[in-house]
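Protein chains in written order, with my numbering: chain A, -17 to 218; chain B, -17 to 218.
Note that CB positions come from ideal geometry on N, CA and C, so glycine has one too.
Source: prediction; values computed, not measured.
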DNA sequence: GTCTATAGTGCGATAGAC
DNA sequence: GTCTATCGCACTATAGAC
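In structure tokens:
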């Protein structure tokens, strides 16, 4: 799998995201014509991520927001009841899409090495495709209300556990060297996170996401894989 | 070197930091009695880092701040002319202390392996000792004015270059395997950064800073070191 | 469905008493 | 050196015209 293949298969598009949001929030969104809602939600999301990622969600005023979206203050409040609800809507829907994509693509791999590679590529490609959302979610987490923050922490821990489980299995069947799996899983996560948190650095250097995927895989495997690359029978 | 030894030698203390800040800002601080200034600057710094790291510098109001420091609004403005100047004062002084400590301790190492270990431990221990400041500086960077943001980026790039130079030297003299040094330096930085950005995760698991230092060193060295650990003569 | 105009709130910063 | 009291402003959110 490379990034282009991932994009072709994953079914990630802002259009789809906005349509899902509309259908999930028919209660709070006052506008009734689906085409209008989808068009404007697109603008609303782009503007929120852009302005927040430039100067923070709290610091983004509704006037900035109105200018960026091209909608008036009054019109904006037809789509959400408060700034806080806007935040929640974006986070919730992003989480849903991330969960769907991970769930659909993770189970295909067989054996720890293949699983580890798939999980790393999948996370990296997903964060590339939704980079503004991941950056937003990461940077705003500490400013959220307790409920939203807890969900962000849950999600962080779930990723750690996913990688830890793969590493554990690889150790159990004798394919990987023995290490603290929690620390090692955290390290993988840190390397993946760097991609969307420091995107400017990689862009500046002209590093593509596929190139970075190769790099991380090399880095991680050189720590975990034993010298002889023959898989023991226990690893399928 | 372990963390305790670092602390005993590094001369990092809030008291010292506050005294330096006072002397560097005699122009803008209206209060004249040094003892008073140092005592209150201590409160001001602790409160800023605490409140900002809980909910963001922008979201911290001067009224929250007054409550946390125990000083009135009027009193606070005797120490800085605006909220923005407070931000700048804290960033500037932190940078100065970080620069001093790195400058004093980095040159002692000889040979790429020793240099790499020293640089990693030093960065890790420094971020541990000043964790609230590093976290603050990292999370608020994108909300700063252009001048401050540029300084934060410069500092990030300088660390990358420091690690890249060590790796480059190690490769040149045949001690390290050949890799993209810029990517590898960034990876080291990402692993170090995880320590102060995700401190809650490590605390929760009871991982000490010395334990994490061993982990990172193992991780990084297993990627760079060639099989035979004998250093070629060219590496001193 | 989108607009303009504005009510009501809470902010950063200051003046002047002690 | 620190306080209380308050100014002027910019914000979020809403009401009502079109």
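Residue environment, residue i, which counts as buried when at least 16 other CB atoms sit within 10 Å
i: residue -16 of chain B; result: exposed
i: residue 38 of chain A; result: buried
i: residue 79 of chain A; result: buried
i: residue 12 of chain B; result: exposed
i: residue 221 of chain A; result: Nothing in the structure corresponds to residue 221 of chain A, since chain A is present only between -17 and 218.
i: residue 233 of chain B; result: There is simply no residue 233 of chain B to check, as chain B begins at -17 and stops at 218 in what is shown.
i: residue 119 of chain A; result: buried
i: residue 136 of chain B; result: exposed
i: residue 17 of chain A; result: exposed
i: residue 278 of chain B; result: No statement about residue 278 of chain B is possible, as the shown extent of chain B runs from -17 to 218 and does not include it.
i: residue 110 of chain B; result: buried
i: residue 175 of chain B; result: buried
i: residue 86 of chain A; result: exposed
i: residue 126 of chain B; result: buried
i: residue -5 of chain A; result: exposed
i: residue 166 of chain B; result: buried
Assigned secondary structure, residue i (DSSP; H/G/I helix, E/B strand, else coil)
i: residue 157 of chain A; result: coil
i: residue 68 of chain B; result: helix
i: residue 207 of chain A; result: strand
i: residue 13 of chain B; result: coil
i: residue 180 of chain A; result: coil
i: residue 7 of chain A; result: coil
i: residue 139 of chain B; result: helix
i: residue 113 of chain A; result: helix
i: residue 35 of chain A; result: helix
i: residue 152 of chain B; result: helix
i: residue 119 of chain A; result: helix
i: residue 189 of chain B; result: coil
i: residue 81 of chain B; result: helix
i: residue 162 of chain A; result: coil
i: residue 18 of chain B; result: helix
i: residue 101 of chain B; result: helix
i: residue 59 of chain A; result: coil
Nearest-angstrom Cα separation, counted from residue j out to residue i
i: residue 3 of chain A; j: residue 105 of chain B; result: 44 Å
i: residue 6 of chain B; j: residue 141 of chain A; result: 45 Å
i: residue -12 of chain B; j: residue 197 of chain B; result: 18 Å
i: residue 149 of chain A; j: residue 208 of chain A; result: 13 Å
i: residue 64 of chain B; j: residue 25 of chain B; result: 17 Å
i: residue 117 of chain A; j: residue 216 of chain B; result: 44 Å
i: residue 162 of chain B; j: residue 67 of chain A; result: 44 Å
i: residue 58 of chain B; j: residue 41 of chain B; result: 17 Å
i: residue 121 of chain B; j: residue 121 of chain A; result: 7 Å
i: residue -7 of chain B; j: residue 75 of chain B; result: 15 Å
i: residue 97 of chain B; j: residue 91 of chain B; result: 5 Å
i: residue 51 of chain B; j: residue 180 of chain B; result: 26 Å
i: residue 81 of chain B; j: residue 108 of chain B; result: 11 Å
i: residue 200 of chain B; j: residue 206 of chain B; result: 10 Å
i: residue 46 of chain B; j: residue 0 of chain A; result: 38 Å
i: residue 9 of chain A; j: residue 123 of chain A; result: 26 Å
i: residue -3 of chain A; j: residue 30 of chain A; result: 16 Å
i: residue 190 of chain B; j: residue 60 of chain A; result: 50 Å
i: residue 173 of chain A; j: residue 19 of chain B; result: 42 Å
i: residue 143 of chain B; j: residue 48 of chain B; result: 41 Å
i: residue 218 of chain A; j: residue 193 of chain A; result: 29 Å
i: residue 69 of chain B; j: residue 130 of chain B; result: 9 Å
i: residue 185 of chain B; j: residue 178 of chain B; result: 11 Å
i: residue 204 of chain A; j: residue 139 of chain B; result: 26 Å
Short CB-CB distance (under 8 Å) between residue i and chain A
i: residue 173 of chain B; result: yes
i: residue 124 of chain B; result: yes
i: residue 176 of chain B; result: yes
i: residue 121 of chain B; result: yes
i: residue 168 of chain B; result: yes
i: residue 107 of chain B; result: no
i: residue 118 of chain B; result: no
i: residue 131 of chain B; result: no
i: residue 162 of chain B; result: yes
i: residue -12 of chain B; result: no
i: residue 201 of chain B; result: yes
i: residue 103 of chain B; result: no
Rounded Cβ spacing between residue i and residue j (contact assumed at less than 8 Å)
i: residue 202 of chain B; j: residue 72 of chain B; result: The pair is not a contact, with the Cβ atoms about 31 Å apart (cut-off 8 Å).
i: residue 168 of chain B; j: residue 171 of chain A; result: About 15 Å separates the two Cβ atoms, so there is no contact after all.
i: residue 55 of chain B; j: residue 22 of chain B; result: 14 Å between Cβ atoms; not a contact.
i: residue 94 of chain B; j: residue 156 of chain B; result: 10 Å between Cβ atoms; not a contact.
i: residue 77 of chain B; j: residue 32 of chain B; result: In fact, because the Cβ distance is near 20 Å, the residues do not count as touching under 8 Å.
Residue i at chain B interface by Cβ criterion, 8 Å
i: residue 40 of chain A; result: yes
i: residue 69 of chain A; result: no
i: residue 192 of chain A; result: no
i: residue 48 of chain A; result: no
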